[in-house]
Every structure is written in C-alpha cells, then in structure tokens.
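Below: one structure, written as structure tokens.
Number of protein chains: 2
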Amino acid sequence: MQQMKWDTIAIVGVGLIGGSIGLALKQRRLARCVVGIGRRHSRLARARRLGAVDSTTIQLERGVADAELTVVCTPVEQIADFVCRAAKHCPPGALLTDAGSTKARIVSQLNGALSSGAVFVGSHPLAGSEKQGVAHARADLFDNSVCVLTPKRGTPQVAVARVRRFWEALGAGVVQMTPEAHDRALAFTSHLPHLLAAALAGSLPSKLFDLAATGFRDTTRVAAGDPDVWAGIFTHNRQATLVALQEFQRHLARYRSALERADAGRLRKLLIQAKQNRDALGR
Amino acid sequence: MQQMKWDTIAIVGVGLIGGSIGLALKQRRLARCVVGIGRRHSRLARARRLGAVDSTTIQLERGVADAELTVVCTPVEQIADFVCRAAKHCPPGALLTDAGSTKARIVSQLNGALSSGAVFVGSHPLAGSEKQGVAHARADLFDNSVCVLTPKRGTPQVAVARVRRFWEALGAGVVQMTPEAHDRALAFTSHLPHLLAAALAGSLPSKLFDLAATGFRDTTRVAAGDPDVWAGIFTHNRQATLVALQEFQRHLARYRSALERADAGRLRKLLIQAKQNRDALGR
Chain A
472 MQQMKWDTIA IVGVGLIGGS IGLALKQRRL ARCVVGIGRR HSRLARARRL GAVDSTTIQL
532 ERGVADAELT VVCTPVEQIA DFVCRAAKHC PPGALLTDAG STKARIVSQL NGALSSGAVF
592 VGSHPLAGSE KQGVAHARAD LFDNSVCVLT PKRGTPQVAV ARVRRFWEAL GAGVVQMTPE
652 AHDRALAFTS HLPHLLAAAL AGSLPSKLFD LAATGFRDTT RVAAGDPDVW AGIFTHNRQA
712 TLVALQEFQR HLARYRSALE RADAGRLRKL LIQAKQNRDA LGR
Chain B
472 MQQMKWDTIA IVGVGLIGGS IGLALKQRRL ARCVVGIGRR HSRLARARRL GAVDSTTIQL
532 ERGVADAELT VVCTPVEQIA DFVCRAAKHC PPGALLTDAG STKARIVSQL NGALSSGAVF
592 VGSHPLAGSE KQGVAHARAD LFDNSVCVLT PKRGTPQVAV ARVRRFWEAL GAGVVQMTPE
652 AHDRALAFTS HLPHLLAAAL AGSLPSKLFD LAATGFRDTT RVAAGDPDVW AGIFTHNRQA
712 TLVALQEFQR HLARYRSALE RADAGRLRKL LIQAKQNRDA LGR
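Here the protein sequences come in this chain order: A and B.
Numbering-wise, our numbering comes out as the position in the first sequence, counting from 1, plus 471.
Numbering-wise, our numbering comes out as the position in the second sequence, counting from 1, plus 471.
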C-alpha cells in the first residue's frame with residue numbers, strides 16, 4: 472500500500488468520525504495541515520486541544536481555501552449542501568468526499584451541482600459507535616474497518632484512486648459499489664439493526680430496567696446513538712430500510728410460528744443457522 | 472454484607488456459569504471444598520486445572536454426598552431432574568439451588584418432588600455471555616450483577632436467606648420475585664432480545680457479511696449463544712416470550728408506520744425515547 476502525503480486536508484464536522492480522521496492523519500503523518508471546520512468555537516477548540524486538527528474555523532470558505540481534500544463528516548441531510556459550498560471555495564481540481572451513512576440521495580443531490588472542477592467521490596467508512604463527539608475520537612477507529620466508495624459512472628478514475636488511498640492510509644479496506652447498492656446493503660447491515668435496537672429499547676418498561684443484563688445491553692447498544700443523526704439516515708434511506716424490515720419480519724415470523732407450535736426442533740434449527748451467521752462475522 | 476464460609480459446595484455442570492461460581496468461591500475463600508460434577512472427564516479436568524473446582528466426579532450421588540449446597544448449572548430442561556436426584560443423596564437439611572434462565576416450569580416440576588428434607592430455592596444469576604465453557608469462566612462474573620431468587624410460598628426463610636447470602640458473597644445483588652413474575656420479566660429483558668438477535672443474524676445474506684460492522688455485531692452478539700441451551704429456554708418460557716414478542720411488534724409497527732409516512736418528526740421522537748431508555752441502562 473502506497474502511503475501518500477497530503478498538504479492540507481479540511482474536515483467539516485469534527486465529531487467522532489471527523490475527529491478520528493484528524494487524529495489518524497496526524498498520528499500517521501499523512502497531512503501537513505488538518506483544518507477543522509464547524510459551527511461551534513468550543514467544540515473546535517476541543518478538537519484542536521486533542522490534536523485532531525491543526526487549525527480551526529467556523530467559516531467554510533476560509534477553511535477549504537487550501538484544501539486538496541475536504542471530508543464532510545456532518546449528519547447526512549447537510550452533506551450535499553456542505554459539499555456544494557466547499558466546492559466553490561476549494562482550490563481547482565480539489566477532491567471532496569464525505570462520511571455519510573447513506574449515499575444515493577447525497578450523490579443524486581450533487582448530480583451536476585459541482586461546476587467548479589472539484590470532484591466529489593462518496594464514501595462511507597463503516598466505523599463509529601453509539602458515542603458522539605470528538606472526545607471519543609480515536610486514531611485507530613478505521614484500523615481493519617471497511618470503507619465503501621460510491622463513485623458515479625464518469626467520475627475520473629484518478630480521483631477515485633486518490634480517495635481510495637486516503638481511506639487505506641487511515642487503515643481501512645476499501646470496497647466500491649453504486650450508491651443504490653450501498654444503500655440497500657446498509658439498510659440491512661446497519662439501519663435495520665438500529666431500528667430494531669431502538670424499538671426494543673423503547674418498548675422496555677422502566678420497572679424492568681434492573682433486570683436488563685448484558686444480552687439486552689448488547690442488543691440495544693446502538694439505540695444510544697444521536698436521534699437527530701438517525702432520523703436523518705432513516706429519512707434518506709427509508710425505502711431500502713422498509714424492504715430490509717420486511718425481510719426481517721418474514722424471518723421473525725418463522726421463530727414466532729415455531730414458538731406458537733412449541734416446535735423445539737425447528738427453533739433449534741433456526742438458532743443453529745443464526746449462530747453460524749453470527750460466528751462467521753467474528754467478534 | 473456478612474460473608475459466610477461453607478464447607479462443601481457441589482456444582483453440577485461446570486461451564487461458564489458453574490465454572491465462574493467455582494472460581495469466585497475459591498478466590499474469595501468462601502468454601503473449603505468445591506466439587507465439580509459433570510458428564511465428561513476432559514471438561515471436569517479442565518475445570519480442576521483452572522482452579523474452578525477442587526475435586527470432580529461424573530457420579531452425581533458421590534459428588535453431592537457432603538454438599539451443604541448444590542448448585543445446578545445445566546441447561547434448563549435438565550435442572551429439575553438433577554435437583555431431584557441430588558436431593559436424594561445430599562446430607563439432611565442441605566440446600567439446593569440452580570442458575571437456570573427460566574423458573575416457573577422448574578419450580579413446578581419440583582413441586583412436592585423433594586421428600587428428603589433438602590430444600591430447593593430457585594435462582595437465576597443475570598450474568599453470562601454468548602461464550603460457552605469453563606475456559607471463559609471468570610471469578611468476577613457476578614460482580615455488580617443481579618441474581619433473582621424465586622422461592623415458593625412456604626420455603627423456609629432461613630433457606631432463602633442462606634441462598635441470598637451465597638449469591639451476595641459472589642458479588643451479586645439479589646432480588647426476589649415469584650417464578651411467574653421472573654419468567655414474564657426475563658421474557659422481555661433476555662429471551663426476546665435473543666430471539667430478535669437470532670432472527671436478525673439468521674436473515675443476513677452471506678454476501679453482506681463484509682458490510683456488517685460494529686452496530687450489527689453488537690445487536691446480534693447473543694445469537695452466538697448455544698442453540699441447544701436457547702431452544703430449551705424458549706421452550707420453557709414460550710408463552711411469556713410470545714407475549715413480549717407481541718408487545719415488541721406493536722412498538723416496531725410505530726417505527727414502520729413513521730417510515731412509511733416519511734414522518735421524520737415522529738421517528739425522531741421514537742428515537743429520543745429509545746435513547747433515554749438505553750442511556751438509563753448504562754454501559
């Protein structure tokens with residue numbers, strides 16, 4: 472893997488993901504200058520103190536002025552707008568990418584919107600946590616993670632290759648698919664689990680809280696994620712999430728029917744298949 | 472908390488839970504002799520090597536002969552039978568308890584079955600993991616955990632108090648409820664999450680395994696549990712599990728409807744309530 476050295480990289484939104492990108496860039500000496508862009512001075516100051524960024528600004532135009540690469544790490548519903556605005560002010564030929572959990576709507580919102588010679592390549596690093604904020608950022612967040620790239624047909628291969636090497640340099644393995652294929656897949660592997668975890672956590676009567684042990688906590692952990700962020704993700708990807716939910720409910724009906732018929736053999740078979748899948752994923 | 476010293480304690484089934492009880496008893500010097508009882512010599516030898524038990528036997532009658540307390544840590548469908556057999560061979564006035572994840576059926580199976588003067592008090596330590604076997608046993612497994620006792624009406628208070636102190640000495644906080652109330656509660660806090668995790672893991676197409684990151688892994692972690700053990704639990708507690716499942720599905724329908732109507736405000740409200748519940752549980 473060829474490591475590259477960037478001069479200036481701008482990060483819009485320096486929370487868990489943006490902060491971790493900054494920390495990784497600095498610790499691996501991949502960029503001379505990392506600029507953090509955000510709305511709140513206090514949060515930006517914290518990112519600077521933690522070493523996630525070298526300089527900060529609340530003015531997007533100034534922050535991206537020298538950035539060869541701008542990474543937009545905001546909630547999904549703001550990404551297209553920030554990319555558009557950043558594209559107008561970054562250097563000619565600069566690259567733009569994001570870290571959004573949905574891709575189809577963002578890519579279509581940007582379709583034809585970048586007239587400045589800047590190139591956008593959609594990214595989704597599959598890393599993160601239910602925790603929020605730069606205080607939880609980690610330089611190794613992307614180690615052994617997967618990052619999905621969703622270039623449009625017609626995106627210059629050299630731009631795709633540079634964004635790919637950017638994520639690889641942070642420790643991620645990169646896969647490439649269409650925005651729509653990404654959204655269908657992530658509906659199943661990320662958005663559906665979040666929906667189920669939230670529905671399970673939300674339906675627990677408070678009198679039973681004391682009896683919720685490790686199993687319940689693991690199963691509902693992601694439900695502690697930011698409701699605004701997740702409402703945005705579900706809104707962006709609601710069609711594919713509904714399809715994944717339907718598929719899940721079909722499968723759940725098999726368990727329900729086995730329970731209703733007290734069919735221990737059938738239950739056991741279902742549980743064996745579930746365990747095989749879960750074991751295949753590793754820890 | 473008054474700590475007590477036992478002479479001999481027998482553990483039937485020296486896996487994760489039985490092994491952790493043994494390790495905790497030895498490390499805290501709570502019992503002079505811990506006897507491990509099981510079916511396989513190799514597994515018992517491993518428990519002895521790990522220091523979870525002092526001596527081992529595959530003969531239940533011999534193993535419990537001197538045991539003031541016998542703790543049955545087998546899969547739920549075998550518990551009543553082991554308790555009955557142990558009661559016939561343990562010293563007069565000895566105590567028996569278990570670590571089963573269900574209680575109503577076990578307690579009713581034992582109703583009137585113990586004629587020997589031994590007393591059974593049902594227990595369910597809410598500790599454990601998707602991992603199996605004594606190799607994963609830990610002396611601190613019960614630290615800050617909750618253990619539910621489900622004595623029948625008429626069980627001598629002195630026996631209940633001794634079993635309570637036993638679990639407290641291992642680090643657990645003890646709560647007391649009827650076997651039926653236990654099963655209704657655990658259907659919601661443990662058996663339902665397992666069902667959902669298994670259904671989710673089982674419905675994941677293998678081509679998407681690479682895109683299942685932390686969120687999916689957390690949400691489905693318990694699905695790696697032993698299918699035989701869990702088929703037994705579901706069979707014992709199928710009625711209450713079906714009730715919990717129905718309640719969950721009612722709640723899930725709210726999410727589904729908000730998604731179908733693209734009602735981001737409603738989704739956000741549901742996610743906020745879920746986060747409040749999940750945050751209240753702590754890590």
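We treat Cβ as the ideally placed atom computed from N, Cα and C, and that holds for glycine.
In the same chain as threonine 649 of chain B, and ignoring 5 residues on each side of it, the C-beta atoms closer than 8 Å to its own belong to Thr621, in chain order.
Only Glu718, Phe719, His722, Leu723, Tyr726, Arg727, Leu730, Glu731, Ala733, Ala735, Leu738 and Arg739 from the segment 718–740 of chain B bring a Cβ to less than 7 Å from some Cβ of chain A. Under the Cβ distance rule, valine 505 of chain B does not count among the residues neighbouring chain A, no pair being separated by less than 7 Å. Taking 7 Å as the threshold, the shortest C-beta distance from tryptophan 638 of chain A to chain B does not fall below it. Around phenylalanine 659 of chain B, the beta-carbon contacts reaching into chain A at under 7 Å are Leu675 and Leu679.
Those residues of the segment 489–500 of chain A placed with their C-beta closer than 7 Å to a C-beta in chain B do not exist. Interface flag for phenylalanine 613 of chain A against chain B is unset, since no Cβ pair is found closer than 7 Å. Looking at B:Leu671, B:Lys623, B:Ala672 and B:His665, the one whose alpha-carbon comes closest to that of glutamate 651 of chain B is B:Lys623. Proximity to leucine 675 of chain A across A:Ser661, A:Leu663 and A:Thr691 peaks at A:Thr691, based on C-alpha coordinates.
Annotation for valine 700 of chain B: Pro546 place their beta carbon closer than 6 Å to its own, counting only its chain and skipping 5 residues before and after.
The beta carbon of glycine 599 of chain B sits closer than 8 Å to the beta carbons of Leu487, Ile488 and Leu612 from its chain, once the five residues preceding and following it are set aside; these are given in chain order.
For histidine 595 of chain A, the enclosing beta strand (DSSP E) stretches over residues 594–596. Among the CB atoms of chain B, one or more fall inside 7 Å of the CB of isoleucine 743 of chain A.
Each of A:Ala575, A:Ser661 and A:Glu532 was checked against the Cα of alanine 684 of chain B, and the nearest Cα belongs to A:Ser661. Using a Cβ-Cβ distance cut-off of 8 Å, the segment 630–648 of chain A and the segment 590–597 of chain A are in contact, since at least three pairs of beta carbons, one from each stretch, lie closer than that value. Taking the Cβ atoms as the reference, alanine 558 of chain A lies roughly 5 Å from leucine 585 of chain A, within the contact range of under 8 Å. Remark: fewer than three beta-carbon pairs, one from each stretch, lie closer than 8 Å, so the segment 515–531 of chain B and the segment 631–647 of chain B are not flagged as touching. Rounded to the nearest whole angstrom, the CA to CA distance from valine 693 of chain B to isoleucine 492 of chain B is 21 Å.
When 8 Å is used as the limit between beta carbons, histidine 707 of chain A is near no residue of chain B, the shortest such separation being about 10 Å.
Note that the segment 696–710 of chain B touches the segment 567–575 of chain B; at least 3 beta-carbon pairs, one per stretch, sit closer than 8 Å. According to the DSSP assignment, leucine 494 of chain A belongs to the alpha helix (DSSP H) that extends over 487–498.
With a 10 Å radius around the Cβ and a threshold of 16 neighbouring Cβ atoms, lysine 678 of chain B comes out exposed. With the rule of 3 Cβ pairs closer than 8 Å, the segment 513–528 of chain B counts as touching the segment 490–504 of chain B. Beta-bridge pairing by DSSP links valine 505 of chain A to A:Ile480.
Those residues of the segment 647–658 of chain A placed with their C-beta closer than 8 Å to a C-beta in chain B are Ala656 and Leu657, ordered along the chain. Around the Cβ of histidine 595 of chain A, a 10 Å sphere holds 16 or more other Cβ atoms; the residue is buried. The C-beta separation of valine 506 of chain A from glycine 534 of chain A comes to about 5 Å, placing the pair in contact by the 8 Å criterion.
Of the residues assessed, lysine 602 of chain B falls on the exposed side of the cut-off, its CB having fewer than 16 other CB atoms within 10 angstroms. As computed with DSSP, cysteine 618 of chain B is found in a beta bridge with B:Pro596 and B:Val645. Threonine 541 of chain A sits in a strand when the DSSP states are folded into three classes. In the displayed model, threonine 691 of chain A falls within a helix according to three-state DSSP.
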